[in-house]
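Working notes for the structure below.
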Amino acid sequence: MVTEDKAARFYPVTKALLGPASRRLWKTKVTGLDGVPDSGPVIVAANHISFLDSTLLMGLLPRQIRFVGKAEYMDDWKTKHLFPAMGMIPIDRSGGSASHKALDAAAEVLDNGGIFGIYPEGTRSRDGRLYKGRTGVARLALRTGAVVVPVGIVGTDKIQPPGARAPKLFLKCEFNFGRPISPTRYKKRVDDGRVFRELTDEIMFEIRELCGQEYVHHYAGKPDSGETTQTSAEALRAG
Numbered sequence: 418m419v420t421e422d423k424a425a426r427f428y429p430v431t432k433a434l435l436g437p438a439s440r441r442l443w444k445t446k447v448t449g450l451d452g453v454p455d456s457g458p459v460i461v462a463a464n465h466i467s468f469l470d471s472t473l474l475m476g477l478l479p480r481q482i483r484f485v486g487k488a489e490y491m492d493d494w495k496t497k498h499l500f501p502a503m504g505m506i507p508i509d510r511s512g513g514s515a516s517h518k519a520l521d522a523a524a525e526v527l528d529n530g531g532i533f534g535i536y537p538e539g540t541r542s543r544d545g546r547l548y549k550g551r552t553g554v555a556r557l558a559l560r561t562g563a564v565v566v567p568v569g570i571v572g573t574d575k576i577q578p579p580g581a582r583a584p585k586l587f588l589k590c591e592f593n594f595g596r597p598i599s600p601t602r603y604k605k606r607v608d609d610g611r612v613f614r615e616l617t618d619e620i621m622f623e624i625r626e627l628c629g630q631e632y633v634h635h636y637a638g639k640p641d642s643g644e645t646t647q648t649s650a651e652a653l654r655a656g
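In short: position in the sequence shown from 1, add 417, done, that's the numbering used here.
Now the structure itself:
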C-alpha cells in the first residue's frame, strides 16, 4: 500500500524549487511534453544515464511523478527526507521479492490515476549504450491499463556521469517525450507470455529513437552499491 508521509507532502515545494532552478543551471531542451496526458494513469519510461534523470523529470512534468526505491535510504539522514520529497516510494526488500513489492506499489499509484516513472533497463547505463528492457514495464501497463510515454534523455551523463559526486553546471541536455503507447491492442493476448516481451521491445524501440543511443539486445550488468534509488526495483524485474 502506498502511503503519504510527511516528506512526500513537500513534493509540490520541492518541485517548485527544482523546476526553475534546473532550467537556470542547465540548458534543457524539451520536446513532446504536451503529449503527456493531463489526467489518468501514465507510465513514464525512460533511458537512464545519470543520477540527475529523476530530479529533472520531476521538475519538467506538470503532474507529480512517483518512483520506487530502497527502504534503506530512509535510514540515512542525507536521503531520509529528500528522496520521499522527490516522489520516491520506499520498498522494504526483506521478507519477499522486492520486484513484487515494487510492482504492487507502482500499480497502486496508477490505479489512483497517477504517474509512475520507470527505467526499463533497471540500472544506469555506464557506457552510453541502451540495454534490453525488462518486461516489468509491460506487465505493469497491461495490469493497470496505463499508457506508456517513452522518454529519450540526452546529455545528463555529461552533466553528472555515473560515479561523479556533483553535477557540472550550464551544460546542455534534452528530454524528448514520445507518443503515448496504449497497451489496449495487447490485452487479448495477455495469457501469451510473449506479449510482455513484444510490448517491452516496442517501448525500447521508441526510447532508442528519442535518445539516439546504440541499442544492445542484452541486459545491463547489476548496479553497484552506489546506484541511484530510482531503478524501480530493477525495473520491476521479470526478464
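Note that beta-carbon positions come from the ideal geometry of N, C-alpha and C, so glycine has one too.
Requested in this report: For the alpha helix (DSSP H) containing Phe500, list its first residue and its last residue.
Outcome: Residues Leu499 to Ala502.
Query raised in the report: Roughly how far, in whole angstroms, is the beta-carbon of Trp443 from the beta-carbon of Ile576, given that I think they are within contact range, below 8 Å?
Result: Taking a contact as a CB-CB distance under 8 Å, the pair Trp443 and Ile576 counts as one, their CB atoms being some 6 Å apart.
Requested in this report: Just tell me which of Asp528, Ile506 and Asn529 has its CA closest to the CA of Lys518.
Outcome: Ile506
Report task. Pull up the distance between the alpha-carbon of Phe484 and that of Arg611, whole angstroms please. Result -> 26 Å
Query raised in the report: For Gln481, which residues from the same chain have a beta carbon less than 7 Å from its beta carbon, with the 5 sequence-adjacent residues on both sides left out?
Result: Tyr428, Gly504, Gly531 and Ile532
Query raised in the report: Just checking my contact of Ile460 with Thr573 at CB under 8 Å: how many whole Å lie between their CB atoms?
Result: About 20 Å separates the two Cβ atoms, so there is no contact after all.
Requested in this report: Could you tell me whether the Cβ atoms of Val554 and Val564 are closer together than 8 Å?
Outcome: no
Query - the segment 620 to 628 in contact with the segment 585 to 603 per 3-pair CB rule at 8 Å - result: yes
Requested in this report: For Thr431, count neighbouring Cβ atoms within 10 angstroms of its own Cβ and tell me buried if that reaches 16, exposed if not.
Outcome: Buried is the call here.
Query raised in the report: Between Lys589 and Arg441, what straight-line distance do the alpha-carbon atoms span, to the nearest angstrom?
Result: 11 Å
Query - Buried versus exposed, by CB contacts within 10 Å (16 or more), Phe587 - result: When all chains shown are included, Phe587 counts as exposed.
Query raised in the report: Which same chain residues, not among the five before or five after Thr646, have their C-beta less than 7 Å away from its C-beta?
Result: Confidence at Thr646 is low in this model, with a pLDDT of 39, below 50, so the placement of that residue is unreliable and no value is reported for it.
Query raised in the report: Are the beta-carbon atoms belonging to Arg551 and Leu520 less than 8 Å from one another?
Result: no
Query raised in the report: For Glu591 versus Lys446, is the C-beta distance shorter than 8 Å?
Result: The answer is yes: Cβ separation under 8 Å.
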